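Student: Got a structure for you, questions after.
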Amino acid sequence: MKKDNVAPTITDNQIGDNVWRNTAGTLYDIDFADLNSKLATVQYKITSGTGQTGTIFKDWTDITGPTPLNIESFTDNWQIDFNSLISGVTGYVSVRAYDTVGNLSAVNDVFYVLKDTLTPTIQNNAPQSYGPYSVDPGNIFDVDFFDNGGSKLSYVQYKIHSDPNETGTLVKDWTNIALNIGTTYYTQNWKVDFSALLKEPNTNYISVRAVDFAGNSSTTIDAFKIFRSSSNAPEVYDYQAGDDVWRNSNTGIYNVDFSSNSDYPLSYFEAQAWSQTGQLGDLIVDWTTVLTNLNVAQYTQDWALPETFFNQMREGINYISVRVYDSSPTANVSARYEVFYVKKDTTPPSIPVLIAPNDLANLNYQNILFDWQDSADLASGTTYYEILISTSP
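Position in the sequence shown counted from 1, then plus 157, gives you the numbering used here.
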């Protein structure tokens, strides 16, 4: 006689899924086992409240099949029916398992799922055009952003083109207005990188977008136009793309030029480093003089960042802004944001640990396979490994 009065076991390896999701496909790690009469059925259920309360989004549903399973364990990670969830409402997942003689185990709320498939909305309060401006007008641009899907706004950005419908010259690529917002709205007026704008008779077409924490996004093309007129402030010419070479020393040379728009020659220029575009995130290095005593109407030589500046930059990507002054008694000044970025990595990868063969092992075969733990590098990444075999330590 075979007897089984022991219920299956359920092992919850899954914490709550705190990532807001806008698509299906996430796998969850809840395991089931029954070593006696074996598993017959493993199932899940989704409700809007804890303890199987509230609205039933998905009633008891087989995780795998066909049933009866007649297996001792089920340890594959599995998906839920994402479409059964409601955007903005937490889905609490409970599970149960039957064995082949009817013993039951159930666990409520083994994890929860956050769903947000609603895109943010953009409210354009701006006039059709702004300007012309000869100096930076500051935080006057009035486009608001909202998110009612549950995950809340993550960031909002703007982009500048020389022609309508994102055609012509890309004057400035997507640049942050605000980061890590974490609210259902962003309604503060905001600024653009004034020195990047094209001067009249050119037009600057401003597009905007909003992204929530689930990755949903909305974009408004040509939300408004900006006209920029001439002034006495110096000009900054950004001919430098991002510096995609990872650097462990200050070897970069950069092509950003300057010219005077007054009767006075250029005096000096400065650099500043931020962790994000739009002069947002962390201020890594504050304004630091790069070159002085320029005494020219135009400065077109490529230049390097000061050694002290490079040493203060963080490992990773640093977004570099510049600011230039002329020699007028009341100096005219222009600043331009994130003219390029620098990738810095001065920390070597971790030392690989030999797995096989064992240290001091005696081997009697010719083809020896070597294996070691992967090396970790959190900045530029690991490029290659080298192995040295020597008859002496």
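Ideal placement from N, C-alpha and C gives every residue a C-beta, glycine not left out. Since we're looking at a predicted model, the values are computed, not measured.
1. With DSSP run on the structure shown, which of helix, strand or coil describes GLN436?
2. What would DSSP say about THR207, mapped onto helix, strand or coil?
3. Would you report the Cα separation of ILE512 and THR539, rounded to the nearest angstrom?
4. CB SER424 to CB THR278, shorter than 8 Å?
5. So, LEU355 versus ARG385, is the Cβ gap smaller than 8 Å?
6. With three or more C-beta pairs closer than 8 Å as the rule, is the stretch 263–282 touching the stretch 220–236?
7. Using 8 Å as the threshold, is the stretch 499–507 in touch with the stretch 443–456, meaning 3 or more CB pairs across them?
8. Which same chain residues, not among the five before or five after ASP330, have their C-beta less than 8 Å away from its C-beta?
9. Does the distance from the CB of ARG404 to the CB of ILE441 come in under 8 Å?
10. Span of the beta strand (DSSP E) holding GLU464?
11. Check for me: the beta strand (DSSP E) holding THR326 runs from which residue to which?
12. Tell me which residues share the same chain as ALA461 and place their Cβ nearer than 6 Å to its Cβ, disregarding the 5 neighbours each side in the sequence.
13. Output the distance between the C-alpha atoms of LEU526 and THR221, rounded to the nearest integer angstrom.
14. Mapping DSSP to helix, strand and coil, what is PHE239?
15. Run the CB neighbour count on ASP395, radius 10 Å, all protein chains shown included, and call it buried at 16 or more, exposed below.
16. Which residue's Cα is closest to the Cα of THR274: ARG178, ASP293, ASN389?
17. Using DSSP's beta-bridge definition, name the partner residues of TRP431.
Tutor: So, to answer that:
1. helix
2. helix
3. 19 Å
4. no
5. yes
6. no
7. no
8. LYS316
9. no
10. That residue, GLU464, is in no beta strand (DSSP E); its alpha helix (DSSP H) goes 464–469.
11. 324–335
12. ILE410
13. 40 Å
14. helix
15. buried
16. ARG178
17. LEU440, TYR476
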